[in-house]
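Each step along the sequence shown adds one to the number in our numbering, with nothing skipped, and position 51 is 264.
Yeah, the Cβ is synthetic: ideal placement off N, Cα and C, and Gly gets one too.
Here the structure is laid out as structure tokens; the discussion comes afterwards.
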Amino acid sequence: SRDSIHKFVAIWNAAGIDRIDGLVLNAGVMLSVREETSEGVEMTMMCNHFGHFLLTHLLRPALEKTAEEHDEARIVVVSSGLHKSMSCKGLLTDPDTELEEYGMFKAYGKSKLANMLFAHELSRQL
Numbered sequence: 214s215r216d217s218i219h220k221f222v223a224i225w226n227a228a229g230i231d232r233i234d235g236l237v238l239n240a241g242v243m244l245s246v247r248e249e250t251s252e253g254v255e256m257t258m259m260c261n262h263f264g265h266f267l268l269t270h271l272l273r274p275a276l277e278k279t280a281e282e283h284d285e286a287r288i289v290v291v292s293s294g295l296h297k298s299m300s301c302k303g304l305l306t307d308p309d310t311e312l313e314e315y316g317m318f319k320a321y322g323k324s325k326l327a328n329m330l331f332a333h334e335l336s337r338q339l
């Protein structure tokens, strides 16, 4: 959940750790039935993509500081070949599949396509 990510980062910051050499975004689920987080977000997309996006956003200052001071910091986004069978159509307007019939491969594939697009944008920005 978003709350758990915010709590983790608050603990991280309170510990005074300001150097991150690498961040590996590898959390993932593939659920046979639709589930939602306490915030009402489809669980596959939240766990596989939105959580990664939020964690990266919140830790980005430390990653950028590390890169500036030590010449390098890496972000590794783990995905799946299943993204290849997905379309960007509906990804942004319907990222959590709530308006269509749930399918575990489709939900998983959409989350991994979102990861690929996120990784591409991160490489462009950084």
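According to DSSP, simplified to helix, strand and coil, what is residue i?
i      : result
Val222 : helix
Glu282 : helix
Asp307 : Its pLDDT being 49, under 50, Asp307 is placed unreliably by the model, and nothing is read from it.
Gly235 : strand
Glu277 : helix
Taking residue i and residue j to be in contact with their CB atoms under 8 Å, please state how far apart those CB atoms are, rounded to whole angstroms.
i      : j      : result
Gly253 : Val289 : In fact, because the Cβ distance is near 29 Å, the residues do not count as touching under 8 Å.
Asn261 : Val242 : 7 Å
His283 : Asn328 : Going by Cβ atoms, the distance from His283 to Asn328 rounds to 26 Å, so no, they are not a contact pair.
Thr279 : Arg337 : Not a contact, Cβ separation roughly 20 Å.
Sorted by chain position, which residues of the same chain lie with C-beta nearer than 7 Å to residue i's C-beta, five sequence neighbours on each side aside?
i      : result
Glu248 : Met256
Arg215 : Glu252, Leu267
For the alpha helix (DSSP H) containing residue i, name the first residue and the last one.
i      : result
Arg337 : 317-338
Among the candidates the options, whose CA atom is the shortest distance from the CA of residue i?
i      : options                        : result
Thr269 : Met317, Ala240, Glu282, Ser251 : Ala240
Ser324 : Ser251, Met258, Ile230         : Met258
Glu281 : Leu339, Leu244, Phe221         : Leu339
Leu238 : Ile218, Thr250, Ala228, Ile224 : Ile218
Phe331 : Ile224, Thr250, Phe263         : Phe263
Arg273 : Ser292, Ile230, Thr250         : Ile230
Determine the extent of the beta strand (DSSP E) in which residue i is found, giving its start and end residues.
i      : result
Arg287 : 287-290
Output needed for residue i: all residues of its chain with C-beta closer than 8 Å, excluding positions within five of it in sequence on either side, in chain order.
i      : result
Arg287 : Asp234, Gly235, Leu236
Kindly list the residues whose CB is nearer than 6 Å to the CB of residue i, restricted to its own chain and excluding five residues on each side of it in sequence; keep chain order.
i      : result
Val222 : Leu271
Tyr315 : Arg247
If you measure from the CB of residue i, is any heavy atom of the ligand NAP nearer than 8 Å?
i      : result
Leu271 : Of ligands this structure carries none, so the ligand NAP is not represented either.
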